[in-house]
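The structure appears below as structure tokens.
Protein chains: 2
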Amino acid sequence: MTAPGNKVLIATLNLVTSDLLAPGDIGLSETAWLKLGLQDGAQVELAHPAPLNSLSAVRSKIYGKVLDQKALDSIISDVSLGKFSDIHLSAFLTASAAHSQDASEVLALTRAMVKIGKSLDWSRTPIIDKHCVGGLPGNRTTPIVVAICVAAGLTMPKTSSRAITSPAGTADTMETLAPVELSLAAMRRVVESVGGCIVWGGAVALSPVDDVLIRIERALDIDSDGQLVASVLSKKVAAGSSHLVIDMPVGTTAKVRSKVAADRLGSLFKQVSNELGLNLRVIQTDGSQPVGRGIGPALEARDVLAVLTGSSDRASDLETRAIRLAGELLELGNAARAGEGVGMAADIIASGLAWRAFQSICDAQGGMRVPPIAAHQHPVETHRSGRVASIDNRRLAKAAKLAGAPASKAAGIDLHVSLGSVVEANAPLFTVHAQTHGELSYALEYIQNEAAIISVEEAP
Amino acid sequence: MTAPGNKVLIATLNLVTSDLLAPGDIGLSETAWLKLGLQDGAQVELAHPAPLNSLSAVRSKIYGKVLDQKALDSIISDVSLGKFSDIHLSAFLTASAAHSQDASEVLALTRAMVKIGKSLDWSRTPIIDKHCVGGLPGNRTTPIVVAICVAAGLTMPKTSSRAITSPAGTADTMETLAPVELSLAAMRRVVESVGGCIVWGGAVALSPVDDVLIRIERALDIDSDGQLVASVLSKKVAAGSSHLVIDMPVGTTAKVRSKVAADRLGSLFKQVSNELGLNLRVIQTDGSQPVGRGIGPALEARDVLAVLTGSSDRASDLETRAIRLAGELLELGNAARAGEGVGMAADIIASGLAWRAFQSICDAQGGMRVPPIAAHQHPVETHRSGRVASIDNRRLAKAAKLAGAPASKAAGIDLHVSLGSVVEANAPLFTVHAQTHGELSYALEYIQNEAAIISVEEAP
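Line order of the protein sequences matches chains A and B.
Quick note on the numbering used here: the first sequence kicks off at 17 and runs consecutively.
Quick note on the numbering used here: the second sequence kicks off at 17 and runs consecutively.
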């Protein structure tokens with residue numbers, strides 16, 4: 017449908033045989049009225065949609081061809097115009113995962129994704145940024161790292177995504193502490209006034225197809241290397257970042273399962289970012305167990321606050337990781353000399369400067385919030401006494417998702433132990449949090465039917 | 017949702033806050049009422065759906081694993097229960113196309129598809145069958161072949177599919193001549209009374225997931241070797257066939273583009289059918305140009321009738337192909353001696369016996385119909401005189417689809433030339449048939465924007 021001002025919409029045409037509409041008249045949904053910006057009585061033109069030529073490129077990918085810039089531009093442009101159905105989106109992502117994408121294709125995909133979105137240009141440098149490739153429940157260092165770096169005077173306009181296959185993304189967690197759906201103009205005002213932000217990337221449309229693709233990847237529970245690198249780097253380029261630290265947790269049940277896989281993914285990140293002129297450092301971190309205690313938006317937010325306020329029961333592993341990453345960024349951004357970043361980051365937390373910076377960011381984003389607490393909480397106990405020998409991140413994350421996270425912000429898992437903890441029989445290993453009884457049962461049923469998600473070995 | 021009698025339905029739960037329903041009450045769609053066979057006031061139980069474990073198998077396939085019987089059983093069973101969304105169906109089919117499936121996997125897939133459907137057992141032998149792998153517009157030999165074989169006394173319970181990526185499947189074409197949506201019981205009555213039938217396989221539920229998968233393949237315009245073999249053989253096994261001839265047109269713009277591809281596909285057909293105890297013969301045929309003159313359900317039906325009735329303007333290429341295939345089947349089914357099948361088939365047509373058998377089949381299926389004629393017809397002319405040098409099957413098929421085929425039965429393309437035809441400038445090469453003005457324009461626009469679909473070379 018073409019409306020005045022050449023506005024175009026792809027719609028389903030339903031024929032009406034009653035007298036609801038006069039012959040030649042057309043009715044539109046609220047969404048269509050808004051998108052076309054129409055007045056009542058306006059003239060519109062109808063035609064069949066043009067055949068979707070970018071599907072040939074999708075078929076080439078299915079059969080293993082490396083796609084070039086032109087092919088990826090046509091696919092991403094059609095995706096952004098809403099021309100791809102779920103069937104087509106799923107085929108594109110599945111084919112991309114099935115045939116691993118080389119650096120040239122990932123670079124082309126990244127550029128295609130940047131082209132169709134808005135881009136930010138900051139009239140200062142450096143613009144620092146961080147990203148965690150995920151897969152480690154509770155690894156919510158971002159709000160702490162941003163607070164430290166902003167307190168040190170660096171500029172850090174952080175956009176985060178919502179969960180892809182995990183129980184919480186940084187945007188989901190941060191949303192329990194402050195509004196994260198800011199416009200691009202509002203985001204710019206926040207960064208210019210306080211030096212940094214932590215907002216949802218989808219709302220500022222820096223890489224508008226990213227959330228379209230993520231919805232499909234979540235349904236399939238896949239996240240391929242090429243798609244991951246393009247998704248991350250397209251948002252960083254569009255956000256105007258110049259210096260970037262990648263946190264890459266490595267562990268048998270993390271997203272990146274081995275050193276070999278981490279090196280391969282890190283190398284892809286470096287090849288593509290070099291071509292894009294991004295200064296990037298990849299940090300491989302321990303991915304053997306969750307970070308902090310909470311898994312799920314509100315429970316993770318609680319852990320973040322404990323570290324920032326220096327609470328006596330704060331999770332020291334979360335604090336240590338945040339300090340390490342912030343230290344790298346302080347050095348990369350020339351706020352600290354080589355070797356002095358970690359010490360400086362620790363001082364900024366201990367002095368309360370990071371907590372003050374975080375509050376000012378929340379205030380600037382629309383006001384600080386108190387994370388919700390779940391209506392239903394149910395402890396899961398160990399049957400025997402001994403020492404915690406292993407924790408399955410994937411199944412723990414799955415249980416948190418079945419309990420309702422991330423859609424239900426208060427839902428998730430609260431851990432009471434970590435690797436090596438000594439426990440008595442019948443002591444709680446973790447507590448399931450859920451907002452409804454149904455979701456609680458759903459998670460508990462999964463936990464009971466699985467082999468121990470946290471295994472306890474008898475002490476010798 | 018679980019209803020009395022352990023009937024289960026997966027549904028979306030919408031919460032109502034108005035007084036439309038009393039607390040604890042639930043309303044259902046018409047479809048849900050029917051599926052659960054409920055009475056007003058019945059008690060139902062609600063629970064979250066169990067997590068879809070077969071998705072792990074789909075993910076394994078994405079990453080290139082060969083799936084075993086157990087994995088494919090779980091996928092196909094979940095598909096048949098409606099548990100796969102379009103996203104999941106598309107990922108399964110895309111991954112299967114991206115990593116070519118070996119014979120063991122295709123055999124397992126075929127068996128999984130047979131298991132979840134009904135199967136026919138005929139108390140006689142042989143039960144003969146044919147299948148064309150498609151890709152050649154207008155290649156509508158099936159009704160003629162069935163008529164010949166039935167006239168020769170063989171039993172041929174033919175189930176056909178609707179179009180996957182073509183402008184017409186045999187079921188679409190046959191539907192313009194007689195009802196094709198018969199129940200399994202009705203199909204059995206037809207075959208027992210007249211010796212054969214030509215019905216839509218989807219209606220008799222011999223391979224119920226097949227049409228679910230075909231809907232997705234059509235949207236993606238892909239049809240992989242493994243999926244094709246499993247789709248065909250699962251229906252043949254379920255239909256109780258013992259002897260099968262495969263018509264495989266080979267040509268640069270047919271579905272099978274080269275001798276190498278044809279040999280590979282033929283070998284996969286043979287390996288899998290051997291394991292299934294099916295006696296199968298693959299016939300490679302000329303796929304360089306369309307067969308007959310019509311492309312689209314009604315236009316192809318017209319060509320079929322012309323051959324059966326011995327009309328003077330019948331398409332001789334269609335007749336020759338049908339006789340060749342019928343000849344192979346007459347020999348395979350022991351109705352003719354080796355080398356005598358083709359002659360016998362020709363005699364059966366010439367004598368009018370095939371036409372009589374075809375009429376009795378149509379009558380038994382519910383009564384013969386007259387194919388519709390399109391409201392709009394528009395000739396497409398050659399700009400210069402000369403000789404027809406090439407015909408692009410794919411783009412001709414696409415034009416027929418844009419004109420409305422197969423959903424619009426009368427729509428399609430009527431060819432006036434074939435390879436080698438000598439034409440004068442401004443002579444019509446083909447006529448586009450469409451039921452609506454919009455569809456006609458849509459097809460003509462495509463034809464005008466493409467390089468010549470039928471190329472004419474000036475005589476030297």
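Note that beta-carbon positions come from the ideal geometry of N, C-alpha and C, so glycine has one too.
| Item | Value |
| --- | --- |
| Below-7 Å beta-carbon distance, A111 (chain A) vs any chain B residue | yes |
| Close Cβ partners of A443 (chain A) (< 7 Å) along its chain, the five nearest in sequence each way excluded | E397, T398 |
| Assumed close pair I91 (chain B), F108 (chain B) - CB separation to whole angstroms, cut-off 8 Å | 6 Å |
| 4-residue-minimum alpha helix (DSSP H) runs that sit fully inside the segment 323-358 of chain B, ordered along the chain | 332-348 |
| Neighbour flag for D102 (chain B) against chain A, beta carbons, 7 Å | yes |
| Three-state secondary structure (DSSP) of Q287 (chain A) | helix |
| Host alpha helix (DSSP H) of A201 (chain A) (start-end) | 200-210 |
| Closer than 8 Å at the beta carbon, the chain A residues around I232 (chain B) | I103 |
| Helix, strand or coil at E121 (chain B) according to DSSP, with G and I counted as helix | helix |
| Residue interval of the beta strand (DSSP E) (run including H449 (chain A)) | 444-450 |
| Proximity winner among A:E455, A:T447, A:L456, A:E473, relative to V439 (chain A) (alpha-carbon distances) | A:E473 |
| Beta-bridge partners of M172 (chain B), as assigned by DSSP | B:G212 |
| Extent of the continuous beta strand (DSSP E) run through A405 (chain A) | 402-407 |
| Cα-Cα separation, S176 (chain B) to F285 (chain B) | 18 Å |
| Under 7 Å between C-beta atoms of A254 (chain A) and L222 (chain A) | yes |
| Rounded C-alpha distance that separates L37 (chain A) from N30 (chain A) | 12 Å |
| Pairwise C-alpha distance: G310 (chain B) and R318 (chain B) | 8 Å |
| Coarse secondary structure for H145 (chain A), derived from DSSP in three states | With the sequence shown as reference, residue 145 (chain A) is identified as Asp, and His is not the correct amino acid for it. It is a strand residue. |
| Partner residues on chain B for R75 (chain A), Cβ-Cβ distance less than 8 Å | L236, D237, I238 |
| Closer than 7 Å to chain A by CB, A390 (chain B) | no |
| Where the beta strand (DSSP E) containing V261 (chain B) begins and where it ends | 259-266 |
| Extent of the continuous alpha helix (DSSP H) to which V161 (chain B) belongs | 158-167 |
| Residue burial classification, I26 (chain B) (beta-carbon count within 10 angstroms, cutoff 16) | exposed |
| T269 (chain A), DSSP secondary structure in three states | coil |
| Test: A107 (chain B) CB closer than 7 Å to a CB of chain A | yes |
| Candidates B:L105, B:D56, B:A366, B:I377, of which the one nearest I232 (chain B) by Cα | B:L105 |
| C-beta neighbour in chain B for A342 (chain A), strict 7 Å | no |
| Residues of its chain near K251 (chain B), where Cβ-Cβ distance is below 7 Å and the 5 sequence neighbours each way are ignored | T175, G217, L222, S223, D226 |
| Contact the segment 403-419 of chain B vs the segment 428-437 of chain B: 3+ CB pairs below 8 Å | yes |
| C-beta atoms of M1 (chain A) and A194 (chain A) nearer than 7 Å | The displayed coordinates of chain A run from 17 to 476. Any statement about residue 1 (chain A) would go beyond what the structure contains. |
| Listed by chain order, chain A residues near G80 (chain B) by CB distance under 9 Å | A114 |
| DSSP beta-bridge partners of G310 (chain B) | B:D430 |
| Unbroken beta strand (DSSP E) run spanning H394 (chain A), endpoints | 392-397 |
| Contact check, A419 (chain A) vs A459 (chain A), beta carbons under 7 Å | yes |
| Neighbour flag for H64 (chain A) against chain B, beta carbons, 7 Å | yes |
| Extent of the continuous beta strand (DSSP E) to which L296 (chain A) belongs | 295-302 |
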